[in-house]
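Here is the structure we will look at.
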Amino acid sequence: MSATNVVANLLVIRHGQSLWNVEERWQGRADIELSDLGIAQAQQAAQRLGTFDYIASSTLTRALHTAQIISETHGIGPVETDERLQETHVGPWEGLTRAQIEEQWPGFLAARNKPEGFESDEHIISRLTNAFVDIGARCAGGSALIISHSGVIRTLRHVLGASNPRLPNLGGCWFHVHHDNRITAGELVTLVDDDLTTESL
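Each residue of the sequence shown is one higher than the last, beginning at 8 in the numbering used here.
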């Protein structure tokens, strides 16, 4: 990848632990708040991050609260919200655990099948890449921090042919916006310790 062909570098990170992450429920577009540990994760991530020219977030509370903690720590912002950065719409799976999904849709998870009403990969890629191009234009020549969601980050990495491990809370990767509006995936990043507790900070 030629650095001279890059308009902007975007660090796209999953939000802190939410209350439904604790319960292992599929969240989708449900607007669930951060847990106490999720707040601590955002605080630790803020301590480890450098500065950015621009900060953006999904409109969902778990992402926006994460972004606001980081923004306030570094004195950058305000946080710009963008609906295109929201999590995948998971249709009837919203609020369900894996066990409940398996009971009602046997074999779907193992086969990577999706129920009616689940957002298509094509729609996810379209909205996410358009958002990245717009954000890249706002911080041309620099870098942006984006707080989003695991599902959409992993979908884009998969389509781009990049390695695609599960992302922990406050994990993510770099994406690069090019002059021809192409998006390429870069290095994976993890910003918090696995053994972090609410008493750690």
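All C-beta atoms, glycine included, are put in the ideal place defined by N, C-alpha and C.
**Request:** Buried or exposed for methionine 8, please, with buried defined as at least 16 other CB atoms from any protein chain shown within 10 angstroms of its CB.
**Result:** Low per-residue confidence applies at methionine 8: pLDDT is 45, beneath 50, and the placement is therefore not dependable, though the value from the model is reported in the following sentence. With fewer than 16 Cβ atoms within 10 Å of its Cβ, methionine 8 is classed as exposed.
**Asked** By a C-beta neighbour count over all protein chains shown, 10 Å radius and 16 as the cutoff for buried, is alanine 192 buried or exposed?
**Response** buried
**Item:** Alpha-carbon to alpha-carbon, proline 113 and cysteine 180
**Value:** 32 Å
**Prompt:** valine 86 lies in the alpha helix (DSSP H); which residues open and close that run?
**Reply:** Looking at the DSSP string, valine 86 is not in any alpha helix (DSSP H), and its letter there is neither H nor E.
**Three-state class that DSSP yields for asparagine 171 in the structure shown** = coil
**Request:** Buried or exposed for leucine 44, please, with buried defined as at least 16 other CB atoms from any protein chain shown within 10 angstroms of its CB.
**Result:** buried
**Message:** Per the DSSP calculation, isoleucine 153 is bridged to which residue(s)?
**Reply:** Val19, Ala63
**Message:** So, does the stretch 162 to 181 touch the stretch 193 to 202, judging by three or more C-beta pairs under 8 Å?
**Reply:** yes
**Item:** Nearest residue (CA-CA) to aspartate 154, options Ala15, Pro172, Leu167, Glu94
**Value:** Checking the displayed sequence, the identity of residue 154 turns out to be isoleucine instead of aspartate. When each option's Cα is compared against that of isoleucine 154, the closest is Glu94.
**Request:** Just confirm the distance between the C-beta atoms of leucine 103 and arginine 32, as a whole number of angstroms; I'd bet it's less than 8 Å.
**Result:** 6 Å
**Message:** Please report the straight-line C-alpha distance between valine 199 and glycine 124, rounded to a whole angstrom.
**Reply:** 34 Å
**Request:** Determine, using beta carbons only, whether leucine 56 and leucine 203 come nearer to each other than 9 Å.
**Result:** no
**Presumed contact (8 Å Cβ cut-off) between alanine 53 and alanine 147, rounded CB distance** = Contact flag wrong, Cβ pair sits at about 25 Å.
**For tryptophan 27, the nearest candidate out of Arg91, Pro85, Val19, Trp100 (CA to CA)** = Trp100
**Request:** Helix, strand or coil for tryptophan 181, going by three-state DSSP, please let me know.
**Result:** strand
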